[in-house]
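2 protein chains.
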Amino acid sequence: MSEAAFRQVTIVGLGLLGGSIGRAVQAHLPGVTVVGFDADAAVRAKARELGLAHTVAEKAAEAAQGSDLVILCVPVGAMGDAARALAPGLSQDAVISDVGSSKGSVARALAEALPGHHVIPAHPVAGTERSGPEAGFSSLFHNRWCIVTPPADADAAQVARLVAFWEALGARVETMEPDHHDLVLAVTSHLPHLIAYTIVGTASDLEEVTQSEVIKYSAGGFRDFTRIAASDPTMWRDVFLSNRDAVLEMLQRFTEDLTELQKAIRKGDGDTLFDHFARTRAIRRGIIEMGQDDARPDFGRSDHGGSK
Amino acid sequence: MSEAAFRQVTIVGLGLLGGSIGRAVQAHLPGVTVVGFDADAAVRAKARELGLAHTVAEKAAEAAQGSDLVILCVPVGAMGDAARALAPGLSQDAVISDVGSSKGSVARALAEALPGHHVIPAHPVAGTERSGPEAGFSSLFHNRWCIVTPPADADAAQVARLVAFWEALGARVETMEPDHHDLVLAVTSHLPHLIAYTIVGTASDLEEVTQSEVIKYSAGGFRDFTRIAASDPTMWRDVFLSNRDAVLEMLQRFTEDLTELQKAIRKGDGDTLFDHFARTRAIRRGIIEMGQDDARPDFGRSDHGGSK
Numbered sequence: 043m044s045e046a047a048f049r050q051v052t053i054v055g056l057g058l059l060g061g062s063i064g065r066a067v068q069a070h071l072p073g074v075t076v077v078g079f080d081a082d083a084a085v086r087a088k089a090r091e092l093g094l095a096h097t098v099a100e101k102a103a104e105a106a107q108g109s110d111l112v113i114l115c116v117p118v119g120a121m122g123d124a125a126r127a128l129a130p131g132l133s134q135d136a137v138i139s140d141v142g143s144s145k146g147s148v149a150r151a152l153a154e155a156l157p158g159h160h161v162i163p164a165h166p167v168a169g170t171e172r173s174g175p176e177a178g179f180s181s182l183f184h185n186r187w188c189i190v191t192p193p194a195d196a197d198a199a200q201v202a203r204l205v206a207f208w209e210a211l212g213a214r215v216e217t218m219e220p221d222h223h224d225l226v227l228a229v230t231s232h233l234p235h236l237i238a239y240t241i242v243g244t245a246s247d248l249e250e251v252t253q254s255e256v257i258k259y260s261a262g263g264f265r266d267f268t269r270i271a272a273s274d275p276t277m278w279r280d281v282f283l284s285n286r287d288a289v290l291e292m293l294q295r296f297t298e299d300l301t302e303l304q305k306a307i308r309k310g311d312g313d314t315l316f317d318h319f320a321r322t323r324a325i326r327r328g329i330i331e332m333g334q335d336d337a338r339p340d341f342g343r344s345d346h347g348g349s350k
Numbered sequence: 043m044s045e046a047a048f049r050q051v052t053i054v055g056l057g058l059l060g061g062s063i064g065r066a067v068q069a070h071l072p073g074v075t076v077v078g079f080d081a082d083a084a085v086r087a088k089a090r091e092l093g094l095a096h097t098v099a100e101k102a103a104e105a106a107q108g109s110d111l112v113i114l115c116v117p118v119g120a121m122g123d124a125a126r127a128l129a130p131g132l133s134q135d136a137v138i139s140d141v142g143s144s145k146g147s148v149a150r151a152l153a154e155a156l157p158g159h160h161v162i163p164a165h166p167v168a169g170t171e172r173s174g175p176e177a178g179f180s181s182l183f184h185n186r187w188c189i190v191t192p193p194a195d196a197d198a199a200q201v202a203r204l205v206a207f208w209e210a211l212g213a214r215v216e217t218m219e220p221d222h223h224d225l226v227l228a229v230t231s232h233l234p235h236l237i238a239y240t241i242v243g244t245a246s247d248l249e250e251v252t253q254s255e256v257i258k259y260s261a262g263g264f265r266d267f268t269r270i271a272a273s274d275p276t277m278w279r280d281v282f283l284s285n286r287d288a289v290l291e292m293l294q295r296f297t298e299d300l301t302e303l304q305k306a307i308r309k310g311d312g313d314t315l316f317d318h319f320a321r322t323r324a325i326r327r328g329i330i331e332m333g334q335d336d337a338r339p340d341f342g343r344s345d346h347g348g349s350k
């Protein structure tokens, strides 16, 4: 792939994802120049200090100049505006991509903002609960899947360049229709976040149980949800607004299943509960076998202070 | 506390919790003799091989002989029968305790099974998703809370002995009314498990999204839920049956909150979503400050293969 490889990459938005791409390109693709931009001056200053890019430009259009790959790493609701701000500096043959968590709406926003350009949306399924320029790290994409959703008329050679780029950062790449992406991610990412945000909110609002009790006894399971519910609120607001139909569809099915278990609890139907609880272990085994989670108990958390 | 300390401890049920107590007593209280028992002969054999106790008895009543502390580590629905099986071997001044995740029903079952004995229920809020005799480790209780729920007429000196025992294993101890325990744990443990079991089931049943896709893209959040949903089905069936009212109450509130967010998504009300998502970070900070979770991003998971 080396003759087709990108020579200069522009990253717009230098938070967890953008910062991680900047670090990863420098770590894995030493010949490639990284230009960064962020709409927030404080983030630009921090990005320069951390060396997230070789250069951090003061304006979006300036950041795009001379790059053959531009990756938008902003909340999905901000993609259209971010793309329009780049347009004056974009070369005609540059590939425009992104890292947004929903793909149908982003594909439409980018195609509308940049007609005639090579727009190839993508979504690396990777992240942590942290956000901001200091949160990124170069190995974030190692062994994680990146889903590329090229439009029907995409240039196959440009798609192949983008796939090779993500593979160089350590990712495994899959190509998919945007609508199917949005349905898959609604269940593997968006619904889990919605539920985690909900239960953490429910626990905060109780009167009979104090916040201090919720915190103290969180190791019974609740603390796991608080990690996800600490994710960036702007990013997640935009995800739910942009992938509304698929999220509502998955939420409906979740609610039906929860109602069934609720009924089993109310009726004292232990067999239904047992049967349901016994069949959910296989998925975790599959996730661990596929290298998508830490095989050690409790995610290998170190807070017990201890070995066996 | 040394003159009041227990001299011999019997552990009934040698799974994750019982096995961890056996290891922890040997690690932290070297003068104390540990006697183990499990109703399953294969577990007894494995416990002997692993050295979870100094002696593993063949019968429950035999295991109780000469012990001044007996801890029941069986599913909460099995507590009454397990206590009755011990009775013939119990000395009159032994303290009987347990590690069950619900306390009102266990307190009633033990008081009924062992009238006239010192019954002092307890619940160490600690565990992993693993189960069985090989799952335990001696540091499981380090810096975790253990909730002791003595009956109103409990002997204060015996309660103090039990508190000192848990502190010696590294736990922090709190005393509480059983009903309040059950309400607190309904929100910090039981509801999170119910929700995790539900969503993993929902994801398994989809037709439009394959199980392989759910597994591949699980790093978007879903994988966190699969850990909890891999917990022991018998244990959790019993928890929901025994703490029914508190779980249904908390589930009702969760459902109301989820319906509110669902409505905000349907209406495209970004402000409501943002406000909700922005206020859930504080609880995670509290949990980390109290040492109840790993402060590193992503629980410090090692599966990215990497440092910064």
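Protein chains in written order, with the working numbering: chain A, 43 to 350; chain B, 43 to 350.
Every residue, glycine too, gets a C-beta built ideally from N, C-alpha and C.
Rounded to the nearest angstrom, the gap between the Cα atoms of A:Arg172 and A:Trp278 is 13 Å. In the DSSP assignment, A:Leu114 falls within the unbroken beta strand (DSSP E) covering Leu111 to Leu114.
For a Cβ distance threshold of 8 Å, residue set Phe316 of chain B lies close to A:Thr276, ordered along the chain.
Taking all protein chains in view, the Cβ of B:Arg326 is crowded by 16 or more other Cβ atoms within 10 Å, so the residue is classified as buried. Closer than 7 Å at the C-beta level to chain B, one finds these residues of the segment 234-245 of chain A: Pro234, His235, Leu236, Ile237, Tyr239, Thr240, Ile241, Val242, Gly243, Thr244 and Ala245. When secondary structure is reduced to three states using DSSP, B:Ile270 falls in the helix class. No Cβ-Cβ contact shorter than 9 Å links B:Ile113 with B:Val85.
A:Thr230 and B:Gln107 have their C-alpha atoms spaced approximately 52 Å apart. Taking the CA atoms as reference points, A:Tyr259 sits about 15 Å from A:Thr244.
Assignment of B:Gln50 by DSSP, reduced to helix, strand and coil, places it in the strand class.
Rounded to the nearest whole angstrom, the CA to CA distance from B:Glu100 to B:Ala153 is 25 Å.
B:Ser254 carries a helical assignment under DSSP once its states are collapsed to helix, strand and coil. Residue pairing for A:Glu216: DSSP places it in a beta bridge opposite A:Ile189. A:Val161 and A:Pro130 do not touch by the CB rule: their CB atoms are close to 17 Å apart, not below 8 Å.
Residue contact with chain A for B:Arg286: present (Cβ-Cβ distance below 9 Å to some residue of chain A). Residues of chain A whose Cβ lies closer than 7 Å to the Cβ of B:Lys305 do not exist; the shortest such Cβ separation is about 10 Å. Judged by DSSP in its simplified three-state form, B:Pro166 adopts strand.
The alpha-carbon separation between A:Leu290 and A:Gly119 amounts to approximately 18 Å. DSSP places A:Asp247 in the coil class of the three-state scheme, outside both helix and strand. Closest by C-alpha distance to A:Thr240, out of B:His318, B:Ala69, B:Leu92 and B:Gly122, is B:His318.
If you compare the alpha carbons of B:Leu94, B:His159, B:Leu227 and B:Leu111 with that of B:Ala47, the shortest gap goes to B:Leu111.
A residue is called buried when at least 16 other Cβ atoms come within 10 angstroms of its Cβ; B:Gly122 meets this threshold and is buried. Of all residues in the segment 54-84 of chain A, the ones placed with a Cβ closer than 8 Å to any Cβ belonging to chain B are Arg65, in chain order.
Looking from the CA of B:Leu92, the closest CA among B:Ile237, B:Ala103, B:Glu298 and B:Leu58 belongs to B:Leu58. Close partners of A:Glu255 in chain B (Cβ separation under 7 Å): Val226. One Cα belongs to B:Leu248, the other to B:Phe264, and the distance between them is close to 14 Å. At a C-beta separation below 9 Å, A:Gln334 has these neighbours in chain B: Ile257, Lys258, Tyr259, Ser260, Ala261, Arg265 and Asp345. For the C-beta of B:Arg323, the chain A residues within less than 7 Å are, from N- to C-terminus, Ala272. Think of a sphere of 7 Å around the beta carbon of B:Phe341: the chain A residues whose beta carbon falls inside it are Arg269, Phe341 and Arg343, in chain order. Listed by position along chain B, the residues whose Cβ is nearer than 7 Å to that of A:Arg186 are Ala261. B:Thr322 sits in coil when the DSSP states are folded into three classes, being neither helix nor strand. Using a Cβ-Cβ distance cut-off of 8 Å, the segment 219-239 of chain B and the segment 213-228 of chain A are not in contact, since fewer than three pairs of beta carbons, one from each stretch, lie closer than that value. Taking a C-beta distance under 9 Å as the contact criterion, A:Gly342 and B:Arg343 qualify as a contact pair. Within the segment 86-137 of chain B, complete beta strand (DSSP E) segments of at least 3 residues are found at 111-114, given in chain order. For the segment 145-171 of chain B, the residues whose beta carbon sits under 7 Å from a beta carbon of chain A are, in order, Val167, Ala168, Thr170 and Glu171.
Rounded to whole angstroms, the gap between the alpha carbons of A:Thr52 and A:Ile138 is 9 Å.
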